[in-house]
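Notes to accompany the following structure.
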Amino acid sequence: MYLGNIFLSFLALGGLAAGIPSPSGNNVHDIEDRDIDDGLHGIDPRAADLDKRTYRSCCPRDTYLDDKYSCVCKDKNKIFDSKTGTCACPEGQKWDGRQCRADCGWEAYYDNGQKACVCKKQGQVYNPDGMTCACPDGKTWKNHQCQYDCGKEAEYNEHENVCKCKKQGQVFDPATKVCACPDGQRWDGHQCRAGCGKDAYYDNGQKACVCKKQGQVYNPDGMTCACPDGKMWKNHQCQYECGKDAFYDEEQKACMCNKEGQVYDTTGKSCACPDGKMWNGHECYVDCGRGAKYNEHEDVCECRKQGQVYDPANKGCACPDGKMWDGRKCGNGRS
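Heads up, this note's numbering is the position in the sequence shown plus 1120, with the first residue counted as 1.
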């Protein structure tokens, strides 16, 4: 009877050995879809137990035989490779000492909650192709966070979400990443001010360029100062150009001749006595000729000789027609 049981056990072992897949198969240790226990029906239980022990001895190190008579890796998530007889994590994963996790590279880690690779540096974006982390386009890693690359002259303002120049009033150029004062302004060492040129300065109160010489008008095109039309800088102020013979009278707002009685000519910027008058060295007087004198009250020339009539054309005096001067007066010309 004992020998018979031994014989049956050898038969069972032979049958089971025939059912083990070839090492060149897709899964060396997977058994065909049949119940091994059913295949051992009628076999002595001791022979069947011997058969299971034989299967276990066929599984490599770090594996065990499961209920389906397949070799399974002891480490969680690892997959048994029938070709190499080893256990390894699935492609794209690596062993972290306890289980298989996604291989995120050195710059990231696998987050169980998000089920994804997360960059160690907050704000950076993970690139699965190269397993690397980097700040989003337009940003750079600075001061322990991703910030927009604002260059050396500006800094990132988180509240406004823009690059702001360090120097007050300057404007940031995103193309060149540099700061400069707005067009028409210049840096005065403290802030941006209007470029006023050498003749003017920037007045904070007026928010405009003001000429250094009071009364002059600023020209923004040439950044120069000049007196208004018709005026010139004289005696520390803007005055009308009156020429050498006259001066500007602030009260009358007009050019007045230096010589009293003369009249100012705006075209020639000169002074002269009114028509019919001439300067005698002291004042303007009416030139009545040698034989007449000027009557200021009646504003006429009067002949000095009684009875004579003044001729303004030739500035002469003569007796009326038909009369002659007799040495004392104009007479009839009879002796």
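Idealized CB from N, CA, C, for every residue including glycine.
Extent of the continuous beta strand (DSSP E) to which GLU1418 belongs: Counting along the chain, GLU1418 falls outside any beta strand (DSSP E), and DSSP gives it neither H nor E.
Buried/exposed call for ARG1448, threshold 16 Cβ in 10 Å: Answer is exposed; the Cβ neighbour count stays below 16.
In chain order, each beta strand (DSSP E) run of at least 3 residues that lies wholly inside the segment 1204 to 1255: 1206 to 1208, 1213 to 1215, 1220 to 1222, 1228 to 1231, 1236 to 1239, 1245 to 1247 and 1252 to 1254
The segment 1371 to 1379 in contact with the segment 1342 to 1358 per 3-pair CB rule at 8 Å: no
Integer Cβ distance of CYS1255 from TRP1261, believed to fall under 8 Å: With 8 Å as the limit, CYS1255 and TRP1261 qualify as a contact, their Cβ atoms being about 6 Å apart.
Where CYS1118 sits in the DSSP three-state scheme: Lying before the first or after the last residue shown, residue 1118 is absent from the chain, which here runs from 1121 to 1455.
Bridge partners - GLU1275, DSSP secondary structure assignment: LYS1284
Among VAL1383, GLY1250, GLY1388 and PRO1248, nearest to LYS1397 - alpha-carbon criterion: VAL1383
Cα-Cα separation between LYS1235 and ASP1195, rounded to whole angstroms: 20 Å
Rounded Cβ spacing between ALA1274 and CYS1285 (contact assumed at less than 8 Å): 5 Å
Rounded C-alpha distance that separates ALA1222 from LYS1240: 15 Å
Cβ separation of CYS1209 and PHE1200, assumed to be a contact under 8 Å, to the nearest whole Å: Contact doesn't hold; Cβ gap of about 12 Å is too wide.
Same chain only: Cβ atoms within 7 Å of GLU1422, ignoring 5 sequence neighbours per side: ALA1412, LYS1413, ASN1415 and TYR1430
Candidates ALA1392, HIS1310 and CYS1331, of which the one nearest LYS1318 by Cα: CYS1331
Chain-order list of residues whose beta-carbon lies under 8 Å from that of LYS1287 (same chain, five-residue window excluded): GLU1273, CYS1299, TRP1307, GLN1311 and CYS1312
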